[in-house]
Amino acid sequence: MPTDIPERPTAPIGARAVVLPRGSGERQAAEAPRRAPETAGGMGRAAGIIAATATCQAALMVGLGLLITGPGAHVWPMTAEDAVARTLERARTATLDTVSLVVSEAGNTATVVAGTLLSCLLLLVVPRLPRWREAVFLAVAVSLQSLVFLVITEAVDRTRPDVDRLDASPPTSSYTSGHTGAATALYAGLAVLVLRRAKGPWRRPVAVLLLLLPVLVGIARAYRGMHHPTDIAGGLLNGGLSLLIVGRALLAGPHVPAPAPSGEAPLAGIAGGTAHGTSPGATTVVFNPTVTGERDRAALREVLEQHGHRDAEFVPTTAEDPGEGQAAGAVRAGASLVVVCGGDGTVRAAAEALAGTGVPLAVVPCGTGNLLARNLGLPVRSTEALAAALSGAPHRIDLGRIEGDDTATAHFTVMAGAGLDAAMLESTSDRAKAVLGWPAYVVGGLRELRAPRMRLTVTLDGGRPLRRSARMVLIANTGKVQGGAALVPAARPDDGLLDLLILDPRGPAGWFGAVVALLRRSTDGKGADGSRAVEYFTFRRAEIRFDAPQPRELDGDPVPPGRLLTARVVPGALTVMLPVRGE
3 MPTDIPERPT APIGARAVVL PRGSGERQAA EAPRRAPETA GGMGRAAGII
53 AATATCQAAL MVGLGLLITG PGAHVWPMTA EDAVARTLER ARTATLDTVS
103 LVVSEAGNTA TVVAGTLLSC LLLLVVPRLP RWREAVFLAV AVSLQSLVFL
153 VITEAVDRTR PDVDRLDASP PTSSYTSGHT GAATALYAGL AVLVLRRAKG
203 PWRRPVAVLL LLLPVLVGIA RAYRGMHHPT DIAGGLLNGG LSLLIVGRAL
253 LAGPHVPAPA PSGEAPLAGI AGGTAHGTSP GATTVVFNPT VTGERDRAAL
303 REVLEQHGHR DAEFVPTTAE DPGEGQAAGA VRAGASLVVV CGGDGTVRAA
353 AEALAGTGVP LAVVPCGTGN LLARNLGLPV RSTEALAAAL SGAPHRIDLG
403 RIEGDDTATA HFTVMAGAGL DAAMLESTSD RAKAVLGWPA YVVGGLRELR
453 APRMRLTVTL DGGRPLRRSA RMVLIANTGK VQGGAALVPA ARPDDGLLDL
503 LILDPRGPAG WFGAVVALLR RSTDGKGADG SRAVEYFTFR RAEIRFDAPQ
553 PRELDGDPVP PGRLLTARVV PGALTVMLPV RGE
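Quick look at the structure:
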């Protein structure tokens, strides 16, 4: 099919202007639609929910403690607790003493802190994509339990059991058991993550063992004479409530894009106001068989049938055709919906065939990066992403169109670039990616840091050429990369524009300035010599000429090195199914 798709006008979405470096003296481009950088509104709302609910949690736990030590002190079962402590004291043996010490240490402050830090680090490093939300969930749940525990011990004064205690008594109240509460927050939190993320028959036994560990810690603390049974129950309740509160705020809830900042229109593309959903008709599912197994396909078929898409045809990609031919065949056969299950490379290949046809695309993330799905606000789980897409509405988004020497003209959905990122992709082996996941790219990138700096000339929208040096140039249709970091924070896939990032840090101070600028989403990152480490530009058409051939990439796939990249936006070229905000 033709690679050049006629441009369509786009509806403005807020005022957008080209961002030029300060003091450059370059001509400012005319105003164009632009979206402001995303805010941390979603996290702010979650923090507010956690804070408000945690206040109720602390009040409940303190109230129970005052009841136990006050009016309820002479009521069963509190009247039987001293007898339980003496019975456990009489049952002590040298072996049980040793076992209880080991188990008790599993809830010790140092153990819990070290376990939480290690677990969070593994969540960010081991998976193919960092599990930021799960890591924050675990860290916040353990921290919340500790904060509430401190409030409880300040408000409730309860003496420890009147028996020979095997451990030194810390200067805190017996109510609640801090060891038990901390163990509940950590180990039960890990059990939640295992059940939520892990696959395979071992996940349930592992989760059961993790859930059993806080109970064993509580029994060990009671055996060693450190707590009454109700103190243990209070610790289990405090840790469990902390997990429930943080989990509801960070892990549960609808998987839809966060509301747009005040005064902005939501992501609506050109098709704003389109009726929800698609009319069930001929549906083709293009899937990458290396990442979409039989069980995955069965689950996706079930979701399709639930939404009225019966008898969907599942077509696998091949090494020779990663998705374009399959999607083109679906269009020729009259498909009313094309579902693509794979990574960004598979989605990009299918988008080549679907661009300009108006046939909706439902993105089901199954690859390593899944950057388009993340930038569109889709869930990362395949079945949830498909259900959200089918329950949503069709929207048109832009594509980028790339031409260059020694490479075929192609479109991209997320990003294209040259320099450090492309060299990093080329130098990372499939074996390293299989073993390490996305951190393998970091290792590959470190090897490329000593590569010579590029010299290039940039011409934007027919303006005056700009001479630059750079480590990396990135052309972005969307702005987020692995881990949810907004590398190009202003990029939006439905504004009729593309964004250009030029990264040129020099020395440690330059890299530090670049990192700060990226984290602050500003263009103020400077090197020690005053040079600008980060620059952003906005354009509709750009020509980038390199003084020497450079490695290049397209949506995460390396393409042959060359001296030229010509990029332009194709507004509204691709129709995608997106969740509807506010539902």
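Residue numbering for the sequence shown follows the working numbering, starting at 3 and increasing by one per position. Even glycine gets a Cβ: it sits at the ideal position worked out from N, Cα and C.
With respect to the alpha helix (DSSP H) encompassing residue i, which residues constitute its N-terminal and C-terminal limits?
| i | result |
| --- | --- |
| Asp84 | Glu83 to Arg92 |
| His309 | It is not in any alpha helix (DSSP H) - His309 carries neither H nor E in the DSSP assignment. |
| Thr409 | Here Thr409 belongs to no alpha helix (DSSP H); instead the beta strand (DSSP E) covers Thr409 to Phe414. |
| Ala137 | Trp134 to Ala157 |
| Thr285 | Note, Thr285: premise wrong, no alpha helix (DSSP H); beta strand (DSSP E) at Thr285 to Phe289. |
| Thr100 | Ala96 to Glu107 |
| Glu322 | That residue, Glu322, is in no alpha helix (DSSP H); it is neither H nor E in DSSP. |
| Arg250 | Pro231 to Leu252 |
| Val483 | Note, Val483: premise wrong, no alpha helix (DSSP H); not H, not E. |
| Tyr225 | Arg205 to Tyr225 |
| Arg198 | Gly191 to Arg199 |
| Gly117 | Thr111 to Val127 |
| Ala387 | Ser384 to Leu392 |
Is the CB-CB distance between residue i and residue j below 8 Å?
| i | j | result |
| --- | --- | --- |
| Ala1 | Val342 | Summary: the structure shown does not reach residue 1, with the chain confined to residues 3 through 585, and so no result is reported for it. |
| Phe548 | Leu458 | yes |
| Thr286 | Arg398 | no |
| Met80 | Arg162 | no |
| Asp423 | Arg543 | no |
| Ile247 | Thr182 | no |
| Asn377 | Gly345 | no |
| Phe139 | Gly249 | yes |
| Pro560 | Pro551 | no |
| Ala389 | Leu380 | no |
| Thr71 | Arg160 | yes |
| Ala1 | Thr232 | With the chain covering 3 to 585 only, the question about residue 1 has no answer from this structure. |
| Ala516 | Val536 | yes |
| Gly406 | Leu567 | yes |
| Asp313 | Pro573 | no |
Does DSSP classify residue i as helix, strand or coil?
| i | result |
| --- | --- |
| Gly512 | helix |
| Thr540 | strand |
| Thr359 | coil |
| Glu33 | Because the pLDDT of Glu33 is 37, which lies under 50, any placement of that residue in the model is unreliable, and the question is left without a value. |
| Gly347 | helix |
| Pro573 | strand |
| Ala642 | Lying outside 3 to 585, the shown extent of the chain, residue 642 is not represented and no answer is given. |
| Pro318 | strand |
| Gly439 | Note on Gly439: pLDDT 49, under 50, position unreliable in the model; no value is reported. |
| Asp298 | helix |
| Arg547 | strand |
| Ala184 | helix |
| Val365 | strand |
| Gly275 | Note that Gly275 scores a pLDDT of 36, beneath 50, so its modelled location is shaky and nothing firm can be said. |
| Thr57 | helix |
| Met228 | coil |
| Arg334 | helix |
| Arg47 | helix |
| Pro165 | Looking at the sequence shown, residue 165 is not Pro but Val. Reduced to three states, the DSSP call for Val165 is coil. |
Need the endpoints of the beta strand (DSSP E) that residue i sits in, please.
| i | result |
| --- | --- |
| Cys343 | Leu339 to Gly344 |
| Leu378 | No beta strand (DSSP E) contains Leu378, which DSSP labels as neither H nor E. |
| Thr292 | Per DSSP, Thr292 belongs to no beta strand (DSSP E) and is neither H nor E. |
| Arg457 | Met456 to Leu462 |
| Pro467 | Where Pro467 is concerned, there is no enclosing beta strand (DSSP E), given that its DSSP letter is neither H nor E. |
Per DSSP, what are the beta-bridge partners of residue i in this structure?
| i | result |
| --- | --- |
| Gly475 | The displayed chain sequence assigns Val, not Gly, to residue 475. Val475 pairs with Ala420 and Ile504. |
| Glu405 | Thr568 |
| Asp559 | Leu556 |
| His397 | Val578 |
| Ala488 | Lys482 |
| Ile70 | DSSP output for Ile70 lists no bridge partner at all. |
Run the proximity test for residue i: is its beta-carbon closer than 7 Å to any non-hydrogen atom belonging to the ligand COA?
| i | result |
| --- | --- |
| Pro362 | Because no ligand of any kind appears in the structure shown, any question about the ligand COA cannot be addressed here. |
If contact is defined by three or more beta carbon pairs under 8 Å, each pair taking one atom from either stretch, is the segment 89-106 in contact with the segment 187-206?
no
Take every Cβ of the segment 395-415, pair it with every Cβ of the segment 351-370, and state whether three or more of those distances are shorter than 8 Å.
yes
Touch test, the segment 88-95 against the segment 193-200, Cβ-Cβ under 8 Å, three pairs minimum
With a cut-off of 8 Å, the segment 193-200 and the segment 88-95 do not count as touching, because too few Cβ pairs lie within range.
Does the segment 466-482 come close enough to the segment 492-505 that 3 or more CB-CB pairs lie under 8 Å?
yes
Counting pairs of Cβ atoms below 8 Å between the segment 101-115 and the segment 207-221, do you hit three or more?
yes
So does the segment 164-183 actually touch the segment 220-227, counting three or more Cβ pairs closer than 8 Å?
Counting Cβ pairs under 8 Å, three or more are found: they touch.
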